[in-house]
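In what follows, a single structure is set out as structure tokens and then discussed.
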């Protein structure tokens, strides 16, 4: 079972995405910050992907961590319209968006 890390301050988005991932057969772990998400990376099997919602994150506070994580696993970045960066993300999605859009990107990234 592939594990997807879901990171962002919007707990509703995290909960909805985690529920959808579980329904589709993925393991899903939710975290509020990248620091929390990075902690379990050295333990056990590595995650298959990371979804990071930057919408409520402090500007610039996560760039180095996100870039480092993007070197280790595919990242789907969810950003507010007009945010000017991708930090090495495999995919960048702009808000407003539907949960189905995030799932479609993850399915495309996680095809064996």
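Residue numbers (our numbering): 15 to 126. Glycine included, each C-beta is placed from N, C-alpha and C at the ideal position. Being a predicted model, the structure only gives us computed values, none of them experimental.
The three-state reading of DSSP puts residue 108 in strand, counting E and B together. Per DSSP, the unbroken alpha helix (DSSP H) holding residue 118 starts and ends at 113 to 123. In the displayed model, residue 41 falls within a strand according to three-state DSSP.
The closest CA to that of residue 110, considering only 46, 92, 104 and 41, is found on 92. Restricting attention to 65, 86 and 84, the CA atom closest to the CA of residue 118 is found in 65.
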